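Please read the structure below before turning to the comments.
2 protein chains.
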Amino acid sequence: MTKVAIKKKKSAKLKKPVKLAKSKKYVYFFGSGKAEGSSAMKDLLGGKGAGLAEMTNLGVPVPAGFTITTEACNAYFESNMKYPQGMWEQVLENMKRMEKAMGMKFGDPDNPLLVSVRSGAKFSMPGMMDTVLNLGLNPETLNGLIKWTNNERFGYDSYRRLITMFGSIVMGIDRQKFESTLDRIKEEKNVHLDTELDVDDLKRVCEKFKKIYKEETKSDFPTDSYLQLKLAINAVFGSWFGERAKKYRKLHGIADNLGTACNIQSMVFGNIGENSGTGVGFTRDPSTGQKKFFAECLINAQGEDVVAGIRTPLHIEELKKTMPKAYSDLVKIYQKLEKHYKDMLDIEFTVQEKKLYMLQTRVGKRTAASALKIAVDMVREKLIDKKTAILRIDPAQIDQLLHPMIDPNAAVKVVAKGLPASPGAAVGKVVFTADDAENAAANNEKVILVRTETSPEDIGGMAAAQGILTARGGMTSHAAVVGRGMGKCCVVGCGAIDIHEKEKYFTINDDIIVKEGDSITLNGTTGEVILGEAQLITPILKGDFQIIMKWADEFRKLRVRANVDTPKDARVAREFGAEGVGLCRTEHMFFEAERIKAVREMILSDDKEGRERALAKIMPMQKNDFIGIFTEMKGLPVTIRLLDPPLHEFLPHTEQELQELAADMGVSIERLKAKNKALHEFNPMLGHRGCRLGITYPEIYEMQVRATMEAACELAQQRIKVIPEIMIPLVGHVNELKIMRALVIRVAEEVRSKYKTRVEYTVGTMIELPRAAITSDEIAAHADFYSFGTNDLTQTVYGLSRDDAGRFLPYYIDAKILDDDPFISIDEPGVGALMKYAVEKGRAVKKNLKLGICGEHGGDPSSVEFCHKIGLNYVSCSPYRIPIARLAAAQAALKKAGKDLSKAAL
Amino acid sequence: MTKVAIKKKKSAKLKKPVKLAKSKKYVYFFGSGKAEGSSAMKDLLGGKGAGLAEMTNLGVPVPAGFTITTEACNAYFESNMKYPQGMWEQVLENMKRMEKAMGMKFGDPDNPLLVSVRSGAKFSMPGMMDTVLNLGLNPETLNGLIKWTNNERFGYDSYRRLITMFGSIVMGIDRQKFESTLDRIKEEKNVHLDTELDVDDLKRVCEKFKKIYKEETKSDFPTDSYLQLKLAINAVFGSWFGERAKKYRKLHGIADNLGTACNIQSMVFGNIGENSGTGVGFTRDPSTGQKKFFAECLINAQGEDVVAGIRTPLHIEELKKTMPKAYSDLVKIYQKLEKHYKDMLDIEFTVQEKKLYMLQTRVGKRTAASALKIAVDMVREKLIDKKTAILRIDPAQIDQLLHPMIDPNAAVKVVAKGLPASPGAAVGKVVFTADDAENAAANNEKVILVRTETSPEDIGGMAAAQGILTARGGMTSHAAVVGRGMGKCCVVGCGAIDIHEKEKYFTINDDIIVKEGDSITLNGTTGEVILGEAQLITPILKGDFQIIMKWADEFRKLRVRANVDTPKDARVAREFGAEGVGLCRTEHMFFEAERIKAVREMILSDDKEGRERALAKIMPMQKNDFIGIFTEMKGLPVTIRLLDPPLHEFLPHTEQELQELAADMGVSIERLKAKNKALHEFNPMLGHRGCRLGITYPEIYEMQVRATMEAACELAQQRIKVIPEIMIPLVGHVNELKIMRALVIRVAEEVRSKYKTRVEYTVGTMIELPRAAITSDEIAAHADFYSFGTNDLTQTVYGLSRDDAGRFLPYYIDAKILDDDPFISIDEPGVGALMKYAVEKGRAVKKNLKLGICGEHGGDPSSVEFCHKIGLNYVSCSPYRIPIARLAAAQAALKKAGKDLSKAAL
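These protein sequence lines are chains D and Z, in that order.
The numbering used here applies: residue 1 is where the first sequence begins, and numbers increase by one.
The numbering used here applies: residue 907 is where the second sequence begins, and numbers increase by one.
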C-alpha cells in the first residue's frame, strides 16, 4: 500500500499536468443530418449556431458547417488576441469533416469548397460583424468554381463580392471605394443593375477591386484560403468589442463578457441562375400575429442582396410559381420548425439549383398586438399552455397598446429627444402656459403644453393638453409623475430646447424656432419631439388583450391597485382592472381653482383659528371627492394618504395672485409676502411635510380624516360598501405614528358615533424614509398596513433629489455607473435590501401586516417581480400601467413557481 | 400524604389568596444605629432616604425615621391615588418603632414626638415637595412641647411654622397670605426680625394663621396628627406630577415612572435657643475643589431659615466658637462620610441643645474646575483610582473650561434665548454684515455678527467677530457648524429676534430695539442673549485638566482626531491633543477673497478647458494650505475630503459681485446670470455634489489630488513625514468609488513619479448615504477606510434637512416625540443601527478596514460612547471638543470594560 502511494506521488511530480490536459472543446460540428450542438446551447454557440445545430438535428437541410464557441472568443480576448490552445487544430479538423460532408475541398482548385463566416452572439446584436460569403476563392479555385457551375459570370460575380466583403468587413476598407468603382463601370456601360454587367465587365471589376485592396492594405488580396479564414475569424471575434456592438450592449443591458460565437458554413448559392434564389420570412405575421406564412424572396441572388435593399424582394408566391418543389419543402419545414420551437420564427433560406437549404432560424421579433394574438392562438392550437403564453409577453411592450402611437409607417422629422416620461403619442399646437392650454381646450383645440418645468398649478393645463413637453426634470419630476397618472403623453428633460415663455417661442439647439400655434408631435414612448402632425394609431384593448389579462389574473398572487386622485381616475383604473386604490394623494385635490384659494388661506393664517376657518371651506369639497372615489371603488379598499407635500408648494407665486389673495384674506400684501418667504425651505424634500405637518398642525389631518369618514359613513348609510385605509406619510419615528394614529382613531370614532354607523377602517403608514424601514419592528406594532413609498425611499437611500438628478443621472446611466435609473426600477441591492429588511422585521412583529407599494415602481415589471419576491400583498401604480403590473405579477408568480419547482426537484 | 395534600388544597381554596399574601415591603426604617436600607438603594428609597439609611448604618447620629419607597408612590398613581395594600399599616408600625427609638409619642400631649416629611427622588429635583416640619403639633401637643422645652416662645414659633408650611405646601394656600399677615404684625410692633416677636405676638400669629387656613380650605386646621401625616404624604406623592417637576424631568431626560420616595423623620430643633442651630456644607469647596470644609450655619434657627435667605448664614467657625463639641463632632463626621463615600459631599445638620444630628448627605454638585481638582486630589489621597476619577467627570461639563464664560456672579439681563450652538461667551458691539465685522476687527473693535442666517461667504466676518447670533437655523446650521469649528461662541435659531439688516437694527419680541453699535453678550452654552457687556472669565487648561486628560489617554481605545480646514485650526487641534485630522474640508479654503474669484470662474466656465484654466489658479493656493496643515500635523494622518458641496454655494449673489465677475471673466452679465440660474437646485442637499461632481468634472478632483500629493511629496523631500488619506464624499454606489479611486491613484502615481518620492497614501470614502451603509460589503472592497459622515447620514436616514428642521424639530423635542436632537447625539436605533450594519458588513469583507466618524457627533459624549461600542478606530471633531472626546472615549472604554467584566463574572 505505502509503496504504491509513493509511486503515484512521484509520477504526478514527473509529468506536467498542463501538457497532459486534453484541449477544451471549442468547435461544434453540424452536417449530414447530425449536430454536436442543440438549441439549448445558446450561451456557448450563440443564437445562430444553436439554431443551425437544432435544424440539422431535426433533419432539415442545412449546409454543413461548425460553430466556434463564445468561450473561445472570450479566451481569445483574455490572452491578448491569441486563440486558446487547441482551437485552431479543432477548426482544421472540422473543416475536414465539412469537406467530407459536402464532398468538396477548401482551397482545392478542382473541386473548391467555399464557406461563409458569420458572427452569432447569444442575443441578436446589430453592430456585430456582418457575413463574409464565398471565402476560399482565389484565382485557382475560381476556375474550379466556374468549371463546376459552368457559369463564368457567376464565378467572377462571387469573386468580386468576396473582395468587397472581405476588404470592407475584415480589413476595414471603406466600402464606398468598391461601390463607386462599380458605379463607374456601370456608368461606362450605361447600365443600372449589377446583373446587367457581363463576364468581362466583372473581370475588370475584380482587377480594380484587387488594386483597391492593395492600395488600402499595402498587401495583395490573400490567395491562401486558410489565411482568409483565419483573418475572418479574427474579425468576427474583434467585432465583439467594436464601438457599435459595445454601445448596443450598453443600451440593452447585455453583459460584455458573453462573447460571440463564430459560424463557418459551406456556401450554397442563390445566385447561380434562375433556378436559384434566396429569402427570409416569418412563420406568422410579425405585425398582426395572423397565422399566415409571411416571407419574401429574390431569384438569382445572394442573401446580402435582400439585406442591402438593392433589389425589391418578391412575394413568396413567386417561389411557388418558379420552383414549386422548393416552395413546398419550405412550407413543410417552416411548419415543422414552428411546431418544434412552439413559437413564431424568423427564418432564412437559399435555393441552389432548385434545392432548398435553411441558413437560419430564431424566435421572431413582433409587435405587442402580434405577441398577444400569437400567444392566444398558440394556446388555442394547444401548442403552448397558458403559463407559457403569459411568460412570453413582454410587459413593457404592453404599454404600446394602451396609448395612441405614431404610425410606424409614417415618415417623421425627429428634431430633439428628451426622457420618455409617459408613453403614447400626442399631436397638437404649442402653448406655453397652463391657462393657454385650458383656453384652447375650451375651444376644442388640441395643444401640447411646453414648459421649462411644470408645477402643481399647471395641473389644469396639463389635463387640458394632449401632451406635455418640459425642458427640465427627470423620470419622476412633477410633469412625469402627473403625466403618467393621467395616462398623458409626456416628454421631459428635453435639454435641447430653450423656452422663451414671454416671447412665446422655443428654440431647438439654437437652430430651429417653434412658435406658439405651431404643430408638434411627441412620442412619449421614445422621448422624441417631432415637427408637424404625425399620423397616430389608436389602441385596442379588447380580444386577445383581455384574454391574456384574464389568464394573468389566474396566476398572479400580487393584487394590483391604482394610484388615483379623482373619481375620473378611479373609473379609468377600474376599467384597467384595478382592485382598489393604493394611493389617493389628497393634496392633488387642492389645486383646483376654487380650492387653492382656501388652501392658501389656510397656509397663510397666523393661528389655529384662521386655519380652521379655511379648512372648514375645504372640507366639503374634499368629502365630495372621497364620495366620488369611494363610489367608483365600491367594495374595494381605498388608501387615503393624508397631506404630504410641504405647504409652500401651494403658495401663490405671481404678484397678481398675491394681490388677489391679500384682498380675499383682508391682510396686507407685505404680510403675505413675508409669510410666503418664511415658508421657504432649503431642501423641501427633507423639510416640513408629511406627518410633520400633521403633528404641528393637527387640525389639517383632523379635517382630512373627518372628510374621509363622513364620506364613508354617508355611503354606508346608502348600503355602499366602503373600505377606507388611512395612511400617514413620512413617518420616521414610531412616536410620530403613535400620535397620528391616535388622532385618526379619535376623529374616526367621533364621526362614527355621529353617523351611528360602523364603517371599518384601518390606519397604516408609508415606509418612505430609511429610518422607518430600519425601525420597522417598532413601527409595525402601530400600523395595520405599510405602503412602500419607493420614490422618496429611493431619494433618501441614494441621497438623490429626483428633481435635480437630471444634471448627472443620465451620465451615470450612460457611463454604466448605474445599471438602471433607480427611479424606474427598484434598486435591489440598496433600496430593495432595505425594503426586504423592513418586511422581515415588520412581519416578525405582526404576521398579517398588509404590505404594498405605491411608488412609481409599482408599474415597472422588474420592480413588480421584486415586490412579489419579498412577499408584498399588492402593488399600486398609475391606471395606465395596471395591465403591465397585472401581467408582470403573473410572470413573477410563474417564475417563482418554476424556480421553487426546480429547487424541489434537486 | 394524599390526605394532607387534599387538605392543603382545600384550605387554599377557602381563604382568599389576596388576603393571605404578605404585603410588599413599602417602608424602610432607620434609627438607633441601624437602618433597613443603604446607599445602594437609591432607586427604591430616593437619594435622601438612601443617604439617611447609610449614615445611620455608619453610626452617625441621625434622628430616627423611615422612608416610604418609590414603588409605593408609583402604585399610588397606578391605583388612582390609593395607597397600595399594606403601606399605611407599615407606616403606622414604623411610627411605633420611631416612637420607641426616640422615647416619645406622636400626638401624645405629654411627650409629643414631632416629625418632618420630605420628598426624595432618585435624582435631586427642584419642583418636588419642600419640607414640612413640626408635623404632629396641635393645641394639646403644643403644650407638651412647651413643657418639655420649657420654652413657650419656641412652641408657638414651631406651631406657626407648621401652619404656614402645611397650609402652603400641603394645602396649596398662597404662602404670601401668611407672610403678609406676619409682616403686618411685625410692622405693628415696629420690629424687623421674626426673632424679635414675643410669645404673645406669636400666639396672635397662630390664631390669624388658623383663620387664613379656614378661609382658604373651608375647614379647620387639622388637630389629628395622623391626618396631618397622611395629607403630607399625599402631598409628597402628588408633587411628583406637579408641573415644575414634570418640566424639570423633561428638561433633564428623567423618566416619569421613577416615582419619589417619602421620608418621615423625627424632628430635632435648631431653634430651641442659643445652644441650638442648623447648617449646610460641602466637604470640599464646590467652586474651586480646594480641600477645605465649606459650610455655613445659623444659630437658633430651623433649616428653612437658611434656605429662605431671611437671615444671612454665618461662617462655620461661628459654630466652633459657640458649640465646640458639636463642631468637632461635625468635622469628624464629614471626614468619615467623605472617606466612606469617596466623594465630595453636600451635608445638612442640626444642633439641638449642643447635640449634633445629621439630616442629609449626598454627592455634592460642583463646577467643572472643582470636579477636576477633586478627582485629581482624591487619586493622590488614594481615596479613588484613576478609572474612578475619569468616570466621575462629566465630559459635557469640560466644555465650560475650554471657552470664556460669563462670570456666574454677574447680574445679567437675558432678553432672548436661541439654541446653544457653540459654547462659551462673547461680548461685543452689534454688526449686521460680514464686511462690517471684518472692518471693525481691523480697527480692533470687538463685535457680535448678527445675521438672519449665515452663508459660506460670511466666513471672514464670522472669524473676525467675537460671537455669532442668527435668527434662523438649527444646531447643525452653517453658523453652528462653522462656529463650533472655530471654537467661537454662537447662538442660532433665536426666533425672538427680527433683523432689519438694511436699517441696521434688530428687535426682540417686537419690544426691545438693538441698534448697530449697541453692546450685547452671548452665552453660547445656554443660548442666552444678554443686553450690555457681561463680565467674562477665561478658561484654564493646565494643571488638573492636563492630568485628567493624560489619564483619559491611558484608558481610551478610540483615537481622537480633529476636523480642521486651515493650518491655524490644525495648530489649535494639536494643542488640544488631536492625533490627526479626520476631516479637512477642502472647500472651506475656497471662500477667501482671492480664491473665490477663481472658484467662480471655474464653476461658470462652459467647458473643461475653461475649468482647467481656473483650476490652475486655485491649485497653488490649495497646495500651500495642505503644506501648512501637513506641517502642523507631521507624522499624523490627515484626511483630505475632496470637494463636497453643490457648486452653486460658491456663486455670487449680489448684482455687484456678478458684474465684477463678468468683467473679470470677459463674459456678459446675462450669460453669467443664466448659468447662475441653471445651477439652481431644488434640494441641493440631494443634488449635484460630492463625488457626483468628481465624476462629472474629474478635472476638479484631479487638481485637488495633485495639490495634496505635491504638498506631501515636497514635505517628504524635506524629511517631514506626511500621511495623506484621500477621502471621496457622498458615495452611494460602489462604482462611484471605483472610478474615483482609480482617478486618485492615477494622479497620485503621476505626482510620485514626478517627485521620485514614495509618499504612502490611502483612499477611502465617507459613509454618509444610507445606500453606502447598506452596500458596505461591496464598498469596503474598494476603500482603505470609512469615515461616517453622520450629519448627512442623519439627514438622509431621517429625511430631515438640518437647515429646515428648525420649524418642527424643537417642537418634536419639547413634546418628547424624539428623546434627543438627532443632530446632537447619534440616533442609535436608526442612524446607529445602520452604522453598526455597515461596520459589520465592511469588516466582514476587510478585516482591517479603518473606521472613523467625522460628523458633528464626533464630539458628543454619548455618541463617542456609541462609536466605541460599534468598534470604530477614531472619532474626529472640532478642535475645541477634542478634550471632551478624549474623556468620553476613556469613559466608554472603562464602562465597556466594566460591563465585560460583569458579564464574565456571570
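All C-beta atoms in this analysis are idealised placements derived from N, C-alpha and C, irrespective of residue type, glycine included.
Only a predicted model underlies this, so the values are computations on that prediction, with no experimental measurement involved.
Run of the alpha helix (DSSP H) containing residue i, from where it starts to where it stops
| i | result |
| --- | --- |
| Z/Y1411 | Premise fails: Z/Y1411 lies in the beta strand (DSSP E), 1411-1414, not in any alpha helix (DSSP H). |
| Z/G955 | 948-963 |
| Z/M1264 | Not the alpha helix (DSSP H): Z/M1264 falls in the beta strand (DSSP E), residues 1261-1269. |
| D/G628 | 608-632 |
| Z/V1142 | 1131-1145 |
Residue i: contacting residues in chain Z (beta-carbon distance under 7 Å)
| i | result |
| --- | --- |
| D/R692 | F1714 |
| D/H688 | D1710, R1713, F1714 |
9 Å Cβ cut-off: residues of chain Z touching residue i
| i | result |
| --- | --- |
| D/L642 | Simply none; closest approach about 16 Å. |
| D/I774 | P1676, V1703, P1735, G1736, V1737, A1739, L1740, Y1743 |
Extent of the continuous beta strand (DSSP E) to which residue i belongs
| i | result |
| --- | --- |
| D/H907 | Shown here, chain D extends from 1 to 906; a query on residue 907 of chain D therefore has no answer. |
| Z/K1756 | 1756-1759 |
| D/G273 | Element bounds for D/G273: n/a, residue is neither H nor E. |
| Z/T1101 | Neither: Z/T1101 is in no beta strand (DSSP E) and is coded neither H nor E. |
| Z/K1421 | 1418-1421 |
| D/I448 | 447-451 |
| D/Q656 | That residue, D/Q656, is in no beta strand (DSSP E); its alpha helix (DSSP H) goes 655-665. |
| D/P822 | Neither: D/P822 is in no beta strand (DSSP E) and is coded neither H nor E. |
For residue i, the residue or residues it bridges with in DSSP
| i | result |
| --- | --- |
| Z/E1434 | Z/K1323, Z/N1429 |
| Z/M1392 | Note: Z/M1392 sits in no beta bridge, so no partner. |
| D/C297 | D/G279, D/L314 |
| D/S876 | D/R561 |
| D/D346 | D/F282, D/R362 |
Per-residue contacts from residue i into chain D (C-beta, under 8 Å)
| i | result |
| --- | --- |
| Z/T1602 | R807, F808, Y811 |
Contact test: residue i Cβ vs the ligand ATP heavy atom, cutoff 7 Å
| i | result |
| --- | --- |
| Z/L1043 | The ligand content of the structure shown is nil, which means the ligand ATP is not present either. |
Beta-carbon separation (whole angstroms), residue i vs residue j, contact threshold 8 Å
| i | j | result |
| --- | --- | --- |
| D/N134 | D/L114 | 5 Å |
| D/K373 | D/G238 | Their Cβ separation, rounded to whole angstroms, is 41 Å, which puts D/K373 and D/G238 out of contact at 8 Å. |
| D/P84 | D/A101 | Between D/A101 and D/P84 the Cβ distance is about 25 Å, and since that is not below 8 Å, they are no contact. |
| D/N257 | D/T67 | Between D/T67 and D/N257 the Cβ distance is about 19 Å, and since that is not below 8 Å, they are no contact. |
| Z/A1316 | Z/Q1441 | 4 Å |
Contacting positions in the region 1625-1652 of chain Z - beta carbon closer than 8 Å to chain D: L1636, G1638, H1639, N1641, E1642, I1645
Under 8 Å (Cβ pairs) to chain Z, residues found in the region 786-801 of chain D: D792, Q795, T796, V797, Y798, G799, L800, S801
Interfacial residues, the region 830-843 of chain D to chain Z, with Cβ spacing under 8 Å: G830, V831, A833, L834
Residues from the region 1579-1590 of chain Z in contact with chain D, defined by Cβ distance under 8 Å: E1587, F1588, N1589, P1590
Members of the region 815-827 of chain D near chain Z, C-beta cut-off 7 Å: I817, L818
Contact list for the region 1651-1677 of chain Z against chain D, Cβ threshold 8 Å: E1674, L1675, P1676, R1677
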